[in-house]
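Inspection log for the structure reproduced underneath, given as structure tokens.
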Amino acid sequence: MTAAVAIEGLEVVFDRFRALKGVSLEVREGESYGLVGESGSGKSTLLRAITGLAPVASGTIIVNGKTLGKTRDKAFYRDVQMVFQDPYGSLHPRQTVDRLLQEPLAIHGIADGEKRIERALDEVGLGKGFRFRYAHQLSGGQRQRVAIARALILEPSILLLDEPTSALDASVQAEVLNLLEEVRRRHKLTFLMVSHDLAIITHMCERLMVMQNGEAVETLTASQLIGHRVSEDYTRNLLRASEGFVRTA
Amino acid sequence: MNGDTLLEVDDLRVTFPTRTGIVQAVRGVSFSLGRERLGIVGESGSGKSQTGRAIMGLTPPQAEVSAKKLAFNGIDLLSISPRQRRSLRGNRIAMILQDPKYSLDPVMTIGRQIVETLRTHEKVSRAEARERALAMLQAVQIRDPARVFDLYPHEVSGGMGQRAMIAMMLITGPELMIADEPTSALDVTVQLDVLKILDKLVAERGMGLIFISHDLRLVSSFCDRVVVMYAGKVVEQIKASELRDAQHPYTRGLLNCMPRIGFERHPLPVLDRKPEWAA
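Quick mapping for you: the protein sequence lines, in order, are chains A and B. End of the first sequence sits at 248 in numbering that gives the first Met the number 0; the numbers just go up one at a time, nothing left out. End of the second sequence sits at 278 in numbering that gives the first Met the number 0; the numbers just go up one at a time, nothing left out.
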């Protein structure tokens with residue numbers, strides 16, 4: 000089994016702040032891998048480092064067998080796509096959905112745009128009627144569907160998901176999570192998903208890494224987590240917190 | 000209901016004029032509150048926040064608030080003067096907002112903001128106000144109150160900021176506290192700390208609490224009673240302990256659609272919204 004993403008000793012430094020302190024992980028091809036932790040734990044920074052949005056100080060990132068250098072080539076971005084947390088911020092407010100979806104096609108010089116756009120919208124459960132609307136005319140869930148369509152239109156093999164549902168209502172979150180599972184099954188995608196919510200990660204991922212202060216706390220399988228077979232106190236605290244408020248009389 | 004009624008809301012309506020006509024954000028909400036913890040749950044756009052803001056008197060000026068009755072301790076909130084309303088707000092009725100990043104004044108130290116609240120409503124000397132602010136910061140479990148007193152909001156973490164917010168709201172000893180998503184901007188572990196503090200202080204001081212949130216499970220673990228809102232209306236009122244037996248399909252849908260650790264369901268059940276829920 001080859002690794003879709005293999006990271007070894009990754010360090011990310013902003014000025015003098017070390018956001019990631021030597022993190023290593025391996026995501027197998029076709030696997031869904033989760034990153035959990037509180038804000039500031041470095042989980043989003045890890046995704047951003049893979050796509051080249053965060054300054055890598057040292058360490059290696061290997062994606063589909065290729066070691067990434069300082070810059071990423073076009074082929075990389077065709078293979079790896081990202082969905083961001085906030086659909087209100089990640090879609091251009093003055094572009095129609097059609098224009099938004101054409102952008103990646105234009106960048107990569109893909110010809111059959113017309114068909115691809117229709118198919119992508121169909122795939123995320125938005126009909127043709129949404130094609131010429133603006134982001135502000137859509138609800139939060141619909142916007143996130145557009146963001147997913149934009150990521151899928153290049154037919155990537157790896158999807159990086161940075162808290163894709165935390166800005167959405169619970170019922171809409173369920174719809175988007177179901178959609179993500181469905182597209183993953185259909186396209187045999189590899190997911191690397193960040194969330195602060197343990198329940199979402201155990202629902203979506205087979206394996207996960209718990210992070211704190213830029214370091215890996217532990218790596219678990221979802222079933223270990225469900226069975227509370229964890230070895231670190233920090234993970235135990237997260238588990239307890241995810242069970243909700245308990246009044247101590 | 001335990002004890003006296005603190006707040007009575009009967010047929011509350013909030014309407015906004017827009018370019019495309021009138022939008023009814025709250026459409027006839029009724030409930031009453033004693034010295035208890037009441038949760039208001041709903042999705043974005045359900046009118047839960049506008050309900051809280053109408054009680055607080057923070058509805059935007061272009062909107063219209065009407066009600067058969069909106070009374071706090073027998074005071075008719077809709078007929079009193081803005082001046083009287085101001086004397087209640089922040090004093091006897093307090094509100095905690097979602098994100099301390101936006102709800103605290105960025106150019107004023109935390110201590111000064113707390114002192115300002117206190118001195119707006121009570122005649123106390125500067126020295127005494129400072130003493131009380133420090134004591135309040137201690138009460139919300141800030142370990143080094145004297146240090147935090149002189150910090151600006153951007154210098155503290157989200158959890159610390161929210162504690163400062165709670166301290167600011169509690170310092171006047173309000174009878175009614177409205178908490179609008181007080182922990183949604185915080186990490187799960189910090190969330191519980193903040194809720195614990197809020198829970199303890201509400202219980203000790205015998206306040207009434209309205210806890211507004213989109214998280215039905217969190218609310219039901221924290222509150223005595225839950226009001227579920229959909230499209231500006233109350234669809235169900237239920238004791239938190241009986242939430243499992245909720246009747247309305249919307250309440251049940253909300254409970255069901257969240258992933259839970261140890262309960263594998265693929266795909267997750269989704270809400271099948273019926274037009275008659277909003278009718």
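Here a beta-carbon is modelled for each residue, glycine too, at the ideal position from N, C-alpha and C. Note that the structure is predicted; figures quoted are calculated from it, not measured.
Contact residues of the stretch 227–240 of chain A toward chain B are ASN236, LEU237, ALA240 (C-beta to C-beta distance below 7 Å). Boundaries cannot be given for PRO59 (chain B), as no beta strand (DSSP E) includes it and DSSP labels it neither H nor E. Cβ-Cβ distances below 6 Å link VAL64 (chain B) to VAL13, ALA53, THR58 in the same chain, with the five nearest sequence neighbours on each side left out; the list follows chain order.
Taking a beta-carbon distance threshold of 8 Å, ARG36 (chain B) does not count as an interface residue toward chain A. For MET81 (chain A) against ALA150 (chain A), the beta-carbon gap comes to about 7 Å, under 8 Å, which counts as contact. Closest option to ARG264 (chain B), judged by alpha-carbon separation, among A:ASN236, A:MET192, A:ALA198, A:VAL245: A:ALA198. Distances from the alpha-carbon of LEU267 (chain B) to those of A:PRO86, A:GLU242, A:LEU179, A:ALA5 put A:LEU179 closest.
Residues of the stretch 8–42 of chain B that bring their beta carbon within less than 8 Å of a beta carbon in chain A comprise GLU42, in sequence order. The shortest CA-to-CA distance from SER222 (chain A) to any of A:ARG15, A:GLU205, A:LEU137 is the one to A:GLU205. With a minimum length of 4 residues, the unbroken runs of alpha helix (DSSP H) contained wholly in the stretch 80–164 of chain A fall at 86–89, 96–106, 112–122, 139–151.
Using a CB distance cut-off of 8 Å, GLY243 (chain A) counts as an interface residue toward chain B.
Looking at the backbone, the Cα of MET208 (chain A) and that of ALA56 (chain A) are separated by about 21 Å.
Taking 8 Å as the threshold, the shortest C-beta distance from ILE147 (chain A) to chain B does not fall below it. Bounds of the alpha helix (DSSP H) holding GLY157 (chain B) are 157–169.
Of B:THR50, B:CYS256, B:VAL193, B:GLY44, the smallest CA-CA separation from LEU215 (chain B) is found for B:CYS256. Assignment of LYS73 (chain A) by DSSP, reduced to helix, strand and coil, places it in the helix class. Counting along the chain, no alpha helix (DSSP H) covers LYS273 (chain B), and no H or E run does either. Across the stretch 238–263 of chain B, CB contacts with chain A closer than 7 Å involve GLY252, LEU253, CYS256, MET257, PRO258, ARG259, ILE260, GLY261, in sequence order along the chain.
Residue pairing for ARG27 (chain A): DSSP places it in a beta bridge opposite A:ALA2. Distance from the CA of VAL189 (chain B) to the CA of ALA132 (chain B), rounded to the nearest whole angstrom, comes to 22 Å. By the criterion of at least three beta-carbon pairs nearer than 8 Å, the stretch 59–68 of chain A is not in contact with the stretch 138–147 of chain A.
One finds PRO258, PRO266, LEU267 in chain B with Cβ atoms closer than 9 Å to the Cβ of LEU176 (chain A), taken in chain order. In the structure shown, ARG34 (chain B) falls within a coil segment according to DSSP collapsed to helix, strand and coil.
Residues of chain A with a Cβ closer than 7 Å to the Cβ of LEU191 (chain B) are, in chain order, ALA240, PHE244.
Interface flag for PHE71 (chain B) against chain A is unset, since no Cβ pair is found closer than 8 Å. By the criterion of a C-beta distance shorter than 6 Å, ARG118 (chain B) is surrounded in its chain by ALA128, once the five residues flanking it on both sides are discounted. In this structure PHE221 (chain B) does not touch ASP244 (chain B) by the C-beta definition: roughly 19 Å separates them, more than the 8 Å allowed.
Excluding residues up to 5 positions away in sequence, PHE148, ASP149, LEU150, TYR151 lie with their Cβ nearer than 8 Å to the Cβ of THR108 (chain B) in the same chain. Within 9 Å of the CB of VAL227 (chain B), no CB atom of chain A is found; the nearest one sits about 12 Å away. Within chain A, the residues PHE244 have their CB atoms less than 7 Å from the CB of PHE221 (chain B), given in chain order. With respect to the C-alpha of THR182 (chain B), the residue from B:ALA202, B:ARG251, B:LEU169, B:MET159 having the closest C-alpha is B:MET159. Contact between ILE211 (chain B) and GLY51 (chain B) holds: CB atoms are separated by about 5 Å, below the 8 Å threshold. Rounded to the nearest whole angstrom, the C-alpha separation of PHE71 (chain B) and SER78 (chain B) is 12 Å. For GLU180 (chain A), the chain B residues whose Cβ falls inside 8 Å of its Cβ are HIS265, PRO266, in order along the chain. Within the stretch 85–165 of chain B, complete beta strand (DSSP E) segments of at least 3 residues are found at 92–95, given in chain order. Per DSSP, the beta bridge partners of THR17 (chain B) are B:GLY20.
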